[in-house]
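*Asks:*
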Amino acid sequence: KCTLTDQASGEKHTTQSDGFGDFWFEGLEEDRTFTLTIEAEGFQTKTYDKLDTTQDVNLGEIALGR
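Everything in the sequence shown is counted per this note's numbering, starting at 1359 for the first residue and increasing by one.
1. Whose C-alpha, out of E1384, F1378 and D1380, is nearest the C-alpha of H1371?
2. Checking 7 Å against the spacing of the C-beta atoms, do T1405 and T1391 come in under that value?
3. Can L1417 and F1401 be called in contact, C-beta distance under 7 Å?
4. Of the residues D1389, A1398 and E1399, which one's Cα is nearest the Cα of A1366?
5. Could you check the C-alpha separation between T1412 and W1382 for me, to the nearest Å?
6. Provide the residue span of the beta strand (DSSP E) that contains I1396, from first to last.
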């Protein structure tokens, strides 16, 4: 589960990754800053702070520890 939280308003957007582990959020307001939290049952949670919507973000390969 991937949760994107607007740092100013606290509004949350959630999505699931596909079979390749890819995920995306559409329709976000521009010029906003978010915190991304990635969770999977049986794995450690991964968090990214200060992501903004001024451009697309490629996080590369994300390893979740057990």
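C-beta atoms are modelled at their ideal positions from N, C-alpha and C, and glycine is treated no differently.
Owing to the predicted nature of the structure, the values given are computational and were not obtained by experimental measurement.
*Replies:* On the basis of the data shown:
1. The residue given as residue 1371 occupies position 13 in the sequence shown. Residue E1384 is the option with its Cα nearest to H1371.
2. Position 47 of the sequence shown, counted from the start, is the residue given in the question as residue 1405. Position 33 of the sequence shown, counted from the start, is the residue given in the question as residue 1391. Contact: no.
3. Residue numbering aside, residue 1417 sits at position 59 when the sequence shown is read from its first letter. Residue numbering aside, residue 1401 sits at position 43 when the sequence shown is read from its first letter. Not closer than 7 Å, so no.
4. For the purposes of this step, residue 1366 is taken as residue 8 along the sequence shown, with counting starting at 1. Of the candidates D1389, A1398 and E1399, the one whose C-alpha sits nearest the C-alpha of A1366 is D1389.
5. Working through the sequence shown from its first residue, we reach residue 1412 at position 54. Working through the sequence shown from its first residue, we reach residue 1382 at position 24. Distance between the alpha carbons of T1412 and W1382 is about 15 Å.
6. On the sequence shown, position 38 is the one that residue 1396 refers to. That run of the beta strand (DSSP E) goes T1391 to I1396.
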